[in-house]
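Visitor: Handing you a structure now.
Residue numbers (the numbering used here): 26 to 436.
As structure tokens, this is what we get:
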């Protein structure tokens, strides 16, 4: 929780300004920024702490300074946070853009809305009761006019429904316009979900094999590993996990569930074992000083694949990016943070299509839409290459290491 505004915290540290003379890219190159780059406050990344039961949740928004810089040149009057989480990015945007009149925050997880509401305290922004997408069209219509004129509408639903939601909210008078000036998508699983054992997202914690971002969904990771065929398991491990040993792991899971059901994250980790011996201590020692190739836990890609399958993540991204670009005002910007190559590939190809460029010389994989119906040459790519976290941020927040930020401006 925050007793002081972030700017006050920054001033108290003596680290008030940073002149952005360069842009940091993921490939180790540093490119001089254009003349339009301005000095921005160096904001201390605000760790948000909250307790759920006996567990403490700590959330730090990833690439916060870079996201603020992406929207800094704009006059933001309407903003959409497609992945609200604990509200860290939204709070920063609302503080940085006092002209912002209204914002939407999408999240399927009811816990996220509770945390975000708490995080928004002290901003002078009215946070309305969450809107459930299934209830739109059956409401009485209209919104209570906030006393100060600034408000946020939490949306209990998936960002892939952004276009339909904005249209319906305009129709019901909850927002004045379906078009917005800025949209942010921070993809993947959030820290608060990883930190709660009962959610089953982390192989480092023992809990039920769940992995649902929407607790009301009927499909869990437990259902997939215990009922899907070995061939279907292998397919998602190969496509969604990019797992080299997908055949071996699918066979191990199928064999183990014959003995007894796989019910917990620990059960699944035990079933996966160490396929191919590639994760041996000797190999890890040989590579420990090569940061980009440091050995991963054998369950890393398996848990990623299952989480993507449970939540339909790639399909949601493929549908959401074209719709998000369409819902921007001319001059508005779409900023997307990805955490693995599957997400980043979709975003990259969609952005290239919007900019009138060929998506790729290679064919699109099955999980990615062809974007044939997407309007071409309607956007300008702001980030020639994706922007990655600074070494300082990676040291402070190890979960930020794989993050990439891409930004597109609508023409």
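In this text, a Cβ means the ideal position worked out from N, Cα and C, and glycines have one as well. Computed from a predicted structure; not experimentally measured.
Buried or exposed, going by whether 16 or more other CB atoms sit within 10 Å of the CB of residue 363?
Guide: buried
Visitor: According to the neighbour-count rule (16 or more other Cβ atoms, all chains shown, within 10 Å of its Cβ), is residue 229 buried or exposed?
Guide: exposed
Visitor: Take every Cβ of the region 325-334, pair it with every Cβ of the region 181-201, and state whether three or more of those distances are shorter than 8 angstroms.
Guide: no
Visitor: Out of curiosity, what's the CA-to-CA distance linking residue 88 and residue 113?
Guide: 11 angstroms
Visitor: What separation, rounded to the nearest whole angstrom, lies between the Cα atoms of residue 381 and residue 225?
Guide: A straight line joining the alpha-carbon of residue 381 with that of residue 225 spans about 41 angstroms.
Visitor: On the DSSP letters alone, give me the boundaries of the alpha helix (DSSP H) that residue 435 sits inside.
Guide: Per DSSP, residue 435 belongs to no alpha helix (DSSP H); it is in the beta strand (DSSP E), 429-435.
Visitor: Can you name, in chain order, every residue of its own chain whose Cβ lies under 7 angstroms from the Cβ of residue 251, other than the five neighbours on each side?
Guide: 282, 286, 287
Visitor: Helix, strand or coil for residue 113? Go by DSSP, reduced to three states.
Guide: helix
Visitor: Note down, one range per segment and in chain order, each alpha helix (DSSP H) of at least 4 residues found wholly within the region 114-146.
Guide: Runs of the alpha helix (DSSP H) inside the region 114-146: 135-144.
Visitor: If I measure Cβ to Cβ from residue 420 and keep anything under 7 angstroms in the same chain, skipping five residues before and after, which residues do I get?
Guide: none
Visitor: Within the chosen definition, does the region 341-361 reach the region 426-436 through at least 3 CB pairs nearer than 8 angstroms?
Guide: yes
Visitor: Report yes or no: do the region 117-135 and the region 186-200 share at least 3 C-beta pairs separated by less than 8 angstroms?
Guide: yes
Visitor: So, residue 107 versus residue 210, is the Cβ gap smaller than 9 angstroms?
Guide: Yes, these two residues count as a Cβ contact at 9 angstroms.
Visitor: According to the Cβ coordinates, are residue 353 and residue 359 closer than 9 angstroms?
Guide: Taking C-beta atoms as the reference points, residue 353 and residue 359 count as a pair closer than 9 angstroms.
Visitor: CB residue 411 to CB residue 373, shorter than 9 angstroms?
Guide: yes
Visitor: Would residue 213 pass as a contact of residue 221 if the rule is Cβ separation under 9 angstroms?
Guide: no
Visitor: To the nearest whole angstrom, what separates the beta carbons of residue 326 and residue 296, a pair I think is in contact under 8 angstroms?
Guide: The Cβ separation is near 14 angstroms, so there is no contact.
Visitor: Measuring only the C-alpha atoms, how far is residue 176 from residue 134?
Guide: A direct Cα-to-Cα measurement between residue 176 and residue 134 gives close to 20 angstroms.
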